[in-house]
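Residue numbers (the numbering used here): 3 to 287.
Backbone N, C-alpha and C define an ideal beta-carbon position, used for all residues, glycine too.
Here is the structure we will look at.
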């Protein structure tokens, strides 16, 4: 079974140097550090903006600088983009620019149209080979997305599940949600796809600190039959959403019930026990 990796980081409750110049060079890549100048250049040259979102304390951000961004092929491919490197913790303008993209950790790399539309994103460190592949694939995604969105707007839904997949994989949930609701209402979403979609949407609402809505989507999956791993994630994240929504007693009852019998593997039972222990311990401090 293909392993599902869902990153569930609620930016408001969980945690995973300002540069006054307008450019920053990291051993070969020339980065702009001013949002306005990057947008202006992207519009002028009709290029995508590659945005490196970092923090001074982030060791994986430094690892990108020291290992990935010095690769000659990555440097060469970077010339296809307007390159913007920003720290939202020290740059207010950068923080405002990033607000629509729901950044939940560092490093995050965004690939953005000149009009601000997100094409793709990378969360975390990638080595040079993997990063280069993602850089090149952005242009494939861009072309495919434009074609599929054109079909969707003309009420041609034959390939709309692919459109939804692109939006979800690039964390474009604001755009994905209305399309998902429409397609699901028309019974055009295969049931074996619903699990990952619901997990992703629940994650999105969690990042937005809308814990009741996150809880709602994870609840939909508690009896999910198509994939044990999806169901395990849903149990864990439903419990987390209850805790974060301050429904402590309900969370305790749910966790106790989930630990009974064979609803979860032993591994996931341990995860659930640790979640309860860690959260309640932190709540007392």
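Report the three-state DSSP secondary structure of residue i (helix, strand or coil).
i	result
residue 137	helix
residue 185	helix
residue 279	helix
residue 210	coil
residue 249	coil
residue 13	Because residue 13 carries a pLDDT of 36, less than 50, the predicted location of this residue cannot be relied on, and no value is offered for it.
residue 108	coil
residue 272	helix
residue 142	helix
residue 92	coil
Am I right that residue i and residue j are in contact with their C-beta atoms under 8 Å? What's the rounded C-beta distance?
i	j	result
residue 85	residue 168	That pair is no contact at about 23 Å.
residue 266	residue 234	6 Å
residue 134	residue 75	5 Å
residue 35	residue 88	6 Å
residue 150	residue 164	6 Å
Residue i to residue j, Cα distance in whole Å?
i	j	result
residue 154	residue 211	30 Å
residue 170	residue 111	16 Å
residue 215	residue 147	28 Å
residue 64	residue 227	42 Å
residue 197	residue 221	11 Å
residue 199	residue 138	26 Å
residue 71	residue 130	7 Å
residue 108	residue 252	33 Å
residue 142	residue 268	42 Å
residue 57	residue 73	21 Å
residue 126	residue 145	25 Å
residue 55	residue 90	7 Å
residue 52	residue 279	40 Å
residue 47	residue 162	31 Å
residue 38	residue 93	13 Å
By Cβ distance below 8 Å, which residues in the same chain neighbour residue i in space, the five residues on each side in sequence not counted?
i	result
residue 224	233, 236, 237, 240
residue 201	6, 8, 219, 220, 223, 232, 235, 236, 239
residue 2	Because the chain in this structure spans residues 3 to 287, residue 2 falls outside the shown range and cannot be described.
Since residue i sits in a beta bridge, which residues does DSSP pair it with?
i	result
residue 87	54
residue 122	113
If you drop the 5 nearest sequence neighbours on each side, which residues of the same chain put their C-beta closer than 6 Å to that of residue i?
i	result
residue 281	245
residue 271	261
residue 229	197
Among residues of its own chain, excluding the 5 on either side of residue i, which ones have a beta-carbon nearer than 7 Å to its beta-carbon?
i	result
residue 336	Summary: the structure shown does not reach residue 336, with the chain confined to residues 3 through 287, and so no result is reported for it.
residue 177	169
Using a threshold of 7 Å, is the CB atom of residue i nearer than that to any non-hydrogen atom of the ligand SAH?
i	result
residue 51	The ligand SAH is not among the ligands present in this structure, which contains no ligands whatsoever.
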